[in-house]
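A quick write-up on the structure given underneath.
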Amino acid sequence: IIISHDRHFLNMVCTHMADLDYGELRVYPGNYDEYMTAATQARERLLADNAKKKAQIADLQSFVSR
881 IIISHDRHFL
891 NMVCTHMADL
901 DYGELRVYPG
911 NYDEYMTAAT
921 QARERLLADN
931 AKKKAQIADL
941 QSFVSR
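Mapped onto my numbering, the consecutive letters of the sequence shown carry residue numbers 881 to 946.
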């Protein structure tokens with residue numbers, strides 16, 4: 881286990897990255913750059929899913945209020 885803010889160092893030595901966020905641990909394969917790519921894509925998917933759910937809620941509320 882290595883804890884560092886040096887991205888170059890992390891890219892050179894790490895084969896997996898662990899992200900502890902809001903009490904949830906996620907492990908990503910690869911170095912720091914690969915982790916950042918995967919984490920960014922996961923966040924974008926989460927935001928897109930949330931937007932779809934909000935749209936569904938709005939549609940259902942509109943339907944119910946008729």
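Every residue gets a Cβ at the ideal spot worked out from N, C-alpha and C, and that includes glycine.
Subject >> Minimum C-alpha distance to D886 - residue among N930, L905 and Y912 >> reply: Y912
Original post:
Going by Cα to Cα distance, which pick from E904, G903 and A918 is closest to H896?
Top reply: A918
**OP:** On the DSSP bridge assignment, give the partners of M892 in chain order.
**Re:** Per DSSP, none; premise fails for M892.
Original post:
Should Y902 be labelled buried (16 or more other beta-carbon atoms within 10 Å of its own) or exposed?
Top reply: exposed
Subject >> Among M892, I883, D939 and R946, nearest to L900 - alpha-carbon criterion >> reply: I883
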